[in-house]
Each structure stands twice: as C-alpha cells, then as structure tokens.
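Protein chains in written order, with my numbering: chain L, 1 to 206; chain E, 1 to 206.
From the three backbone atoms N, C-alpha and C, an ideal C-beta is built for every residue, glycine too.
There are 2 protein chains.
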Amino acid sequence: MAQAVSPNNTTAANRRRSRTKFTEDQLKILINAFNQKPYPSYATKQRLALEINTEESRIQIWFQNRRARHRFQKRSEPEEHLESSQDEDHPEEKIQSRGDRRCRTSYTSSQLHTLIEAFMNNPYPGIDSRQQLAIEIGVPESRIQIWFQNRRSRCHVQRKREPDEALEQRQDQGKISEVRVQGIETTQNGTDLTSDSYSSGARTRW
Amino acid sequence: MAQAVSPNNTTAANRRRSRTKFTEDQLKILINAFNQKPYPSYATKQRLALEINTEESRIQIWFQNRRARHRFQKRSEPEEHLESSQDEDHPEEKIQSRGDRRCRTSYTSSQLHTLIEAFMNNPYPGIDSRQQLAIEIGVPESRIQIWFQNRRSRCHVQRKREPDEALEQRQDQGKISEVRVQGIETTQNGTDLTSDSYSSGARTRW
DNA sequence: GCGTAATCTAATCAACT
DNA sequence: AGTTGATTAGCGCATTACGC
DNA sequence: GCGTAATCTAATCAACC
DNA sequence: GGTTGATTAGCGCATTACGC
C-alpha cells in the first residue's frame with residue numbers, strides 16, 4: 001500500500017492533472033492497438049498519439065491502466081498450441097529495437113540543480129508545479145514526472161501529510177531566464193514530430 | 001473453505017472416481033468447442049461425449065474446471081462493442097431450449113427410499129457406493145452424485161471426520177432442527193426431508 | 001511436486017407437480 | 001407456488017480521487 | 001457512486017558515462 | 001560497472017487429492 005495521502009488534496013501545488021476524456025473514436029483506435037500489441041513500442045505510442053491527437057504520455061498511461069485491469073490472459077492460451085505447432089525463429093521481427101523505448105533523457109547540471117531544489121522543497125509536485133518546472137528547464141512535463149518518481153523511489157522518500165499546506169513559494173521566482181540550456185546537438189533528426197519534445201533542453205538523444 | 005476432510009481417505013466406500021486422462025486429440029476437440037461456446041448446451045455435451053467416446057458427465061466436469069481456471073474474461077470484453085453495435089433481437093436463436101439442459105430426472109418413491117437410506121448411512125458416498133446405487137435403482141451414476149449434492153446442500157450436512165469406519169451415523173439432530181427453524185422465516189423449504197411421503201411415477205422423461 | 005480431474009457448498013435456474 | 005433436479009461460480013486486482 | 005485516469009512504490013531493464 | 005532514465009507489475013483463482 002502506498003501512503004495515506006491527504007484526502008482532500010486541493011492545494012494548488014499538489015493538484016493532479018485533470019482527467020483525460022477519450023472519445024469513442026479514440027478508444028476504438030486505442031483498444032484495437034491494444035489487442036494487437038498490449039506492449040506497444042515507443043514508436044507505436046507516438047504514432048497513436050499523433051493519430052488521436054493526444055500527448056504520448058497519456059497513451060502510455062492508458063496502456064498501463066488497461067494492462068492492469070484486464071490483465072490479458074497470460075500468453076494467449078498455451079494449450080491452444082496443441083493445434084498448430086511451430087516455434088519458428090523470426091529474429092528479425094524482434095529487431096525493431098529502435099523506437100522500442102523512449103530515448104533516455106539527459107539532464108544538464110543546471111537542470112538537475114533546479115529539479116533537486118524543487119524536489120527538496122516538495123517531492124510530490126502537482127501538475128502545476130511540474131508544468132512550471134517543465135517550462136523552466138525546457139523538458140516535457142512527462143519527463144519531470146518520471147524524474148520525480150525515480151528520485152523519490154531511490155531516496156526512499158515517504159509521503160508526508162500535507163507537505164506545506166498554507167505556504168506557497170511557487171509564483172515568486174520570476175527568473176525563467178538563465179535557465180537557457182546549452183545548445184546541445186539538438187534532437188538530431190527532424191523526425192521529431194511530437195509536441196512532447198522541445199527543441200532545446202535536455203538532449204533527448206537517440 | 002469447505003471442510004477439513006479426512007486427508008487419507010482410502011476407505012473403499014469413499015474412494016473417489018479415478019482421474020480421467022484425455023488424449024491430445026480429445027483435448028483438441030474439447031478446447032475447440034470451449035472456445036466456441038464456454039457454456040455448451042446439453043445437446044452439445046452429448047455430441048462431444050459421443051465424438052470423443054467419454055461419458056457426458058466427464059465433459060460437464062471438464063467444462064466446469066476449464067471455466068474455473070481461466071475464467072474467460074467476463075462477457076467477451078464489453079468495450080469491444082464500440083466497434084459493432086447491434087443488440088438485435090434474435091429470439092429464435094435462443095430458442096434452442098430443448099437440449100439446453102439435461103432433462104430433469106424424476107425418481108420413484110422406491111428409488112427415493114433407497115437413496116435416502118443410503119444418504120442417512122453416508123451422505124458422502126464414494127464412486128463405488130454411487131455406482132452400486134446407480135445399478136440398484138437404474139439411474140446413471142452422475143445423477144446419483146447430483147442427487148447427493150443437492151440433498152447435502154439442502155440439509156446443510158457438514159462433512160464429518162471418517163463417516164464410516166466407526167460404522168453407523170450420528171446425525172446431530174440439533175443441526176437439522178436449527179435449520180428448520182430458520183426455514184420458517186425464510187419460508188423456503190418447510191418440507192420434511194427426513195421422511196418420504198412421496199409417490200409419483202418413475203421416469204426420466206424427455 | 002504439478003497439473004488438473006474430482007469434489008464440495010451455496011446460490012440460482014427451471015421443470016414438474 | 002413449492003419442490004427439487006440441473007447448472008453455475010467459487011473473484012479482484014497497487015491506491016487515490018476526479019468527473020460524470 | 002462508478003468508472004477509470006492519475007498517481008505511487010518497488011523492481012527491473014537499459015542507455016550512457 | 002555505476003548511475004539513472006524508462007518501463008513494468010501491483011496477483012488469485014472454492015478445496016482436495018490423484019496420477020504422472
């Protein structure tokens with residue numbers, strides 16, 4: 001069990017992302033994709049994100065939840081193999097490793113500094129804080145979220161009851177400047193079509 | 001959790017039916033049928049029984065176990081209906097009611113007398129006792145088993161440690177009367193199950 | 001030991017009276 | 001409508017909380 | 001209230017250093 | 001090889017006991 005998080009968590013800094021509502025058309029596409037591949041590659045998720053006009057991170061979350069709910073009966077009925085027996089090797093089919101997973105994001109030291117500072121202040125930032133950080137350091141918000149997850153997990157940070165409650169520090173830093181990242185070697189190819197990745201910032205190389 | 005049944009139940013009267021071993025060919029047919037209809041009609045079960053040369057009761061058991069194991073995701077994935085939406089009424093398709101389920105077996109009073117006597121002696125007969133009863137009263141053994149199940153359930157008979165061996169039964173009447181008291185308010189079965197004031201024809205009509 | 005057939009209860013369905 | 005044979009499941013998913 | 005998106009931890013994988 | 005970003009599950013199945 002996680003933590004007994006505060007029930008009425010309406011503090012601005014801790015407000016969570018508003019629920020995404022998928023249309024039926026979107027759901028049709030998602031479900032269809034899920035039936036074909038419950039574990040889509042990153043490329044597939046990107047394609048889906050484009051197709052249904054949604055952030056890739058939402059696609060990711062949707063697949064996670066879907067897998068968790070009906071947990072796609074383990075490995076497609078092993079007994080069914082009694083009928084047709086063929087375990088042919090098709091190694092090349094598996095070698096779609098490019099696009100398999102999202103390319104690792106690298107953070108600059110200044111970005112890390114900002115993140116760590118924010119983390120020390122509040123290891124459980126809500127959507128607003130994350131978004132602000134994302135803009136501030138020029139990294140997709142979804143990456144911010146992941147970074148905090150990993151950080152918490154590795155620091156064994158336990159959820160506190162009402163981390164701050166009344167005091168807010170958010171709006172007082174008007175120093176978006178300076179954070180300009182060093183012009184890393186871009187995101188390389190122009191194939192970056194996602195609205196999710198920014199031109200500058202941590203070089204999400206691949 | 002049922003009851004702590006006696007672990008080494010090797011007494012002849014309580015020996016259970018020996019395990020049926022299906023061949024791969026039989027399994028292929030069964031699995032195929034299961035995928036088409038996890039809830040086959042009685043007619044289908046009979047057809048299968050004929051096809052793979054097995055008692056119909058074994059078919060029944062096999063389907064029960066199969067459903068219990070991978071419990072065929074509830075109602076064929078409701079969300080999938082987003083694709084094709086039509087709940088057309090095809091009442092005639094459902095009206096295959098004949099052969100839907102096994103036709104109800106009627107017992108003569110003498111048959112019932114024999115069954116009740118055996119039941120009072122041992123409410124948990126093994127395969128041998130059941131088979132003997134089957135021959136004795138001229139009813140399939142599977143029906144004997146079902147009869148004992150229903151009888152036990154409706155008398156709330158609890159499994160006792162070593163029903164035979166010490167020979168003779170001790171029905172704790174307290175349990176029975178207590179149940180009947182409850183029966184008054186629930187009104188379900190006020191019938192006296194301990195005596196046979198019954199008389200009717202003997203036929204497994206269909 | 002594991003896999004799974006056999007077994008069991010409680011509930012419900014449904015045929016016969 | 002009651003009695004009783006026939007059939008069936010046996011079960012929920014990490015926690016939380018938002019939006020309908 | 002329910003459905004389910006969002007969130008969380010712990011573990012593991014895997015890219016980059 | 002360590003560090004750390006990315007991805008994933010989060011979990012059974014009524015009980016019993018036989019036969020391989």
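Beta-carbon proximity list for Arg143 of chain L, same chain, < 7 Å, skipping 5 on both sides
Excluding its 5 nearest sequence neighbours in each direction, Arg143 of chain L has C-beta neighbours in its own chain below 7 Å: Thr105, listed in chain order.
Between Gln169 of chain E and His156 of chain E, what straight-line distance do the alpha-carbon atoms span, to the nearest angstrom?
Because the pLDDT at Gln169 of chain E is just 40, under 50, the model does not fix this residue reliably, and the point stays unresolved.
Distance CB(Leu50 of chain L)-CB(Pro40 of chain L) smaller than 9 Å:
no
Taking all protein chains shown into account, decide if Ile59 of chain E is buried (16 or more other Cβ within 10 angstroms of its Cβ) or exposed.
buried
Quick check on His113 of chain L: does DSSP put it in helix, strand or coil?
helix
Distance, Cα to Cα, Gln111 of chain E vs Arg152 of chain E?
The straight-line gap separating the alpha-carbon atoms of Gln111 of chain E and Arg152 of chain E is approximately 17 Å.
Heavy atom of the ligand SAH less than 8 Å from the Cβ of Ser109 of chain E, yes or no?
Looking for the ligand SAH in the displayed structure turns up nothing, as the structure carries no ligands at all.
Can you give me the Cβ contacts of Tyr124 of chain L inside the same chain, cut-off strictly under 6 Å, excluding the 5 residues immediately before and after it?
none
Proximity below 9 Å, CB of Ile61 of chain E to CB of Gln26 of chain E
no
Just checking my contact of Gly99 of chain L with Ala33 of chain L at CB under 8 Å: how many whole Å lie between their CB atoms?
Not really, about 15 Å apart at Cβ, beyond 8 Å.
Please report the distance separating the alpha-carbon of Asn65 of chain E from that of Pro38 of chain E.
11 Å
Nearest-angstrom Cα distance between Asn121 of chain L and Pro140 of chain L?
20 Å
Inter-residue spacing [alpha-carbon to alpha-carbon] between Arg17 of chain L and Ile29 of chain E:
51 Å
Where do the ends of the alpha helix (DSSP H) carrying Gln124 of chain E lie?
Residue 124 of chain E is actually Tyr in this sequence, not Gln. Element bounds for Tyr124 of chain E: n/a, residue is neither H nor E.
Reducing DSSP to helix, strand and coil, say where Ile61 of chain L ends up.
Here Ile61 of chain L sits in helix by DSSP.
In the structure shown, what three-state DSSP assignment does Arg19 of chain L receive?
coil
For the alpha helix (DSSP H) holding Ser153 of chain L, just list the boundary residues, first then last.
Here the alpha helix (DSSP H) through Ser153 of chain L covers Glu141 to Cys155.
If you follow the alpha helix (DSSP H) that Asp25 of chain E is part of, which residue opens it and which one closes it?
Glu24 to Gln36
Residue range of the unbroken alpha helix (DSSP H) whose run includes Ala49 of chain E
Unbroken alpha helix (DSSP H) run through Ala49 of chain E: Tyr42 to Ile52.
Do Thr20 of chain E and Thr54 of chain E count as a contact pair if the criterion is CB distance below 9 Å?
yes
I'd like to check one pair, Gln149 of chain L with Arg130 of chain L: are the Cβ atoms closer than 9 Å?
no
Is it buried or exposed for Gln36 of chain E, if we count other Cβ within 10 angstroms and need 16 for buried?
exposed
As a quick exercise: from E:Ala68, E:Phe119 and E:Arg69, pick the residue whose alpha carbon is nearest that of Arg154 of chain E.
For Arg154 of chain E, the nearest C-alpha among the options comes from E:Phe119.
Would you report the Cα separation of Ile31 of chain E and Phe22 of chain L, rounded to the nearest angstrom?
37 Å
Would you call the CB atoms of Ile137 of chain E and Thr114 of chain E closer than 9 Å?
yes
DSSP three-state label for Glu55 of chain L, please.
coil
Within 10 Å of its beta-carbon, does Glu56 of chain L have 16 or more other beta-carbons around it, so buried, or fewer, so exposed?
buried
So what's Ser106 of chain L in DSSP terms, helix, strand or just coil?
Correct three-state label for Ser106 of chain L: coil.
Give the single residue among E:Arg69, E:Ile116, E:Cys103 and E:Glu117 whose Cα lies nearest to the Cα of Gln46 of chain E.
E:Cys103
If you draw a straight line from the C-alpha of Ile116 of chain E to the C-alpha of Phe63 of chain E, how long is it?
30 Å
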